[in-house]
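Worksheet for the structure shown next.
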Amino acid sequence: MIKGLYVHIPFCRNICGYCDFAKCRYEKNLADRYLLHLNREISEITQTNFDSIYIGGGTPTALSYEQLEELLQMLSRFKVEKEYTIEINPETFDMEKAELIKKYGVNRVSVGIQSFNEQLLAHMGRAHHNIDVHNTFRALDKVGISNRSIDLMYGFHNQTLGELLDDLNKAVRMNITHISIYALEVYPQTPFGMAGYQRVDDETDFLMYQTIIDFLNSHSFRQYETSNFALTTYQSEHNMLYWRYEDYLGVGLGASGKIRNLRYDNTRNFMDYIHDHYRKTEYKLTMKDQRFEAVMMNLRLLKGINIKEYDYRFETGLLALYHDAIEKNVNKGLLEIVDGYLRVTDKGLFVLNDILVDFMD
Ligand code: SF4
Numbered sequence: 000m001i002k003g004l005y006v007h008i009p010f011c012r013n014i015c016g017y018c019d020f021a022k023c024r025y026e027k028n029l030a031d032r033y034l035l036h037l038n039r040e041i042s043e044i045t046q047t048n049f050d051s052i053y054i055g056g057g058t059p060t061a062l063s064y065e066q067l068e069e070l071l072q073m074l075s076r077f078k079v080e081k082e083y084t085i086e087i088n089p090e091t092f093d094m095e096k097a098e099l100i101k102k103y104g105v106n107r108v109s110v111g112i113q114s115f116n117e118q119l120l121a122h123m124g125r126a127h128h129n130i131d132v133h134n135t136f137r138a139l140d141k142v143g144i145s146n147r148s149i150d151l152m153y154g155f156h157n158q159t160l161g162e163l164l165d166d167l168n169k170a171v172r173m174n175i176t177h178i179s180i181y182a183l184e185v186y187p188q189t190p191f192g193m194a195g196y197q198r199v200d201d202e203t204d205f206l207m208y209q210t211i212i213d214f215l216n217s218h219s220f221r222q223y224e225t226s227n228f229a230l231t232t233y234q235s236e237h238n239m240l241y242w243r244y245e246d247y248l249g250v251g252l253g254a255s256g257k258i259r260n261l262r263y264d265n266t267r268n269f270m271d272y273i274h275d276h277y278r279k280t281e282y283k284l285t286m287k288d289q290r291f292e293a294v295m296m297n298l299r300l301l302k303g304i305n306i307k308e309y310d311y312r313f314e315t316g317l318l319a320l321y322h323d324a325i326e327k328n329v330n331k332g333l334l335e336i337v338d339g340y341l342r343v344t345d346k347g348l349f350v351l352n353d354i355l356v357d358f359m360d
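Those letters in the sequence shown? Residues 0 to 360, per numbering that gives the first Met the number 0, in order.
Next comes the structure, spelled out in structure tokens:
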């Protein structure tokens, strides 16, 4: 059984300066057409049960109430065993939408806050204000959805360490179970990229990341992945599928999926999608690809790679297969083997990409 289904809704009320996701500005007619074709793609799925469904974007809540209900209705033919998440942007959410998602069984939300600093929000090109966050949480309180993740960002050139700490302080005082916090990446085709935006320097970046880890870990949000922190047992079920390198389906514009040794990517071209040419590429992963990708994803988890499981799953010996890369990075204090797991050390966490380069050789 494939455990997870990802559903992409590409519409946003405005476009943020750094955004590289498959998205476009919300227009009612376009969204109506999109949902029609999304329904066609979804109707090809034969499996009826999933452990998790994740509706992401874009901004799923940018849809009108009626469109959101249409989406939830089309997904209601699937039984969700564990976790049903929807991404929310505060400026597009209200009490009616809260009642609607509750009615259809959504039991987890991921709220795109990014910062509590209104000036920084404007700098990012975000559309919401703190009052919208307040109202969003009030609506969630009223309908009783208490499993809440928030997204934060850091690394903007005009953001100080003090401002970051202020964001973290405000975050941990909220009624939430999970925090995802991402470093700003500047992609060439985004408004920031085209304007030659410079993010913070490496030293500040390092300091900010260290501050985040120290602060959140000491406020009960335990880091379990490079960018993710959770209270006790509230790790994201759905995202764990990716990091454990398990199979998942993705539907919608720009979505991806992996089914055993097949990876596919949907088109990011809206016109292609609404002409039902949704599949852009399919790629057969070799055993070598899979072994490497599993390492790449598993090492993002602080727990690391379960060596026995890895060996059984990929019919190999991890420690022998990547002997040189492992030895080199263990000697540098970047990787360690503890209780049958190969994992990154505190120091290795900061240079995970460099470590992975050694595994590619
Ligand atoms: S709201 Fe999210 S998906 Fe939409 S433009 Fe901003 S970052 Fe991108």
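In this text, a Cβ means the ideal position worked out from N, Cα and C, and glycines have one as well. Just so we're clear, the structure is a prediction, and the values are computed from it rather than from any experiment.
| task | Give a yes or no on whether the C-beta atoms belonging to Thr189 and Cys18 are separated by under 8 angstroms. | result | Yes.
| query | At which residues does the beta strand (DSSP E) containing Ile152 begin and terminate? | reply | According to the sequence as given, residue 152 is Met; it is not Ile. Met152 -> beta strand (DSSP E) spans 147-153.
| Of the residues Thr344, His322, Ala319, Asp338, which one's Cα is nearest the Cα of Lys331? | It is Thr344 whose Cα lies nearest to the Cα of Lys331.
| query | So, Thr135 versus Val110, is the Cβ gap smaller than 8 angstroms? | reply | Yes.
| Status (buried if at least 16 other CB within 10 Å, exposed otherwise) for His276 | Label assigned to His276: exposed.
| query | Apart from the five residues on each side of it in sequence, which residues of its chain come closer than 7 angstroms, Cβ to Cβ, to Lys27? | reply | For Lys27, where only same-chain residues beyond five positions count, the Cβ hits under 7 angstroms are Ser63.
| task | With DSSP collapsed to three states, give me the class of Gly347. | result | Three-state DSSP puts Gly347 in a helix.
| Contacting residues, own chain, Cβ-Cβ under 7 angstroms from Gly154 (five flanking each side not counted) | Shown here for Gly154: same chain residues with a beta carbon closer than 7 angstroms to its own, the five before and five after excluded, namely Ala182, Leu183, Arg198, Val199, Asp204, Met207 in chain order.
| said: Considering just the uninterrupted stretch of the beta strand (DSSP E) at Asn227, what are its terminal residues? | reply: It spans 227-229 - the beta strand (DSSP E) in which Asn227 sits, taken as one unbroken run.
| message | Please identify the residue among Asn48, Thr84, Asp50, Glu95 whose C-alpha is closest to the C-alpha of Glu68. | response | Comparing Cα positions, the closest option is Glu95.
| Going by beta carbon distance, what residues of the same chain come within less than 8 angstroms of Met292, once the five residues before and after it are set aside? | It should be pointed out that residue 292 corresponds to Glu in this sequence rather than to Met. Cβ neighbours of Glu292 beyond the five flanking positions: Tyr244, Leu284.
| request: Determine the extent of the alpha helix (DSSP H) in which Ile211 is found, giving its start and end residues. | output: Residue range 201-216 is occupied by the alpha helix (DSSP H) that includes Ile211.
| For Tyr282, does the three-state DSSP call read helix, strand or coil? | Reduced to three states, the DSSP call for Tyr282 is strand.
| Roughly how many angstroms separate the alpha carbons of Ile8 and Gln209, rounded to a whole number? | Using only the alpha carbons, I get a separation of about 33 angstroms.
| Per DSSP, which one or two residues make a beta bridge with Glu224? | Residue pairing for Glu224: DSSP places it in a beta bridge opposite Asn227, Leu300.
| query | Buried or exposed: Pro59, going by 16 or more other Cβ atoms within 10 Å of its Cβ? | reply | Around the CB of Pro59, 16 or more other CB atoms lie within 10 Å, so the residue is classed as buried.
| field | Given Val6 as reference, the closest of Met73, Ser148, Gln113, Leu334 once Cα atoms are compared | value | Of the candidates Met73, Ser148, Gln113, Leu334, the one whose C-alpha sits nearest the C-alpha of Val6 is Met73.
| task | Spatial neighbours of Leu34 within its chain, please: CB distance less than 7 angstroms, with the 5 preceding and 5 following residues excluded, ordered by chain position. | result | Setting aside the 5 residues that flank it on each side, Leu34 is surrounded in the same chain by Gln66, Glu69, Leu70, each with a C-beta closer than 7 angstroms to its C-beta; the list follows chain order.
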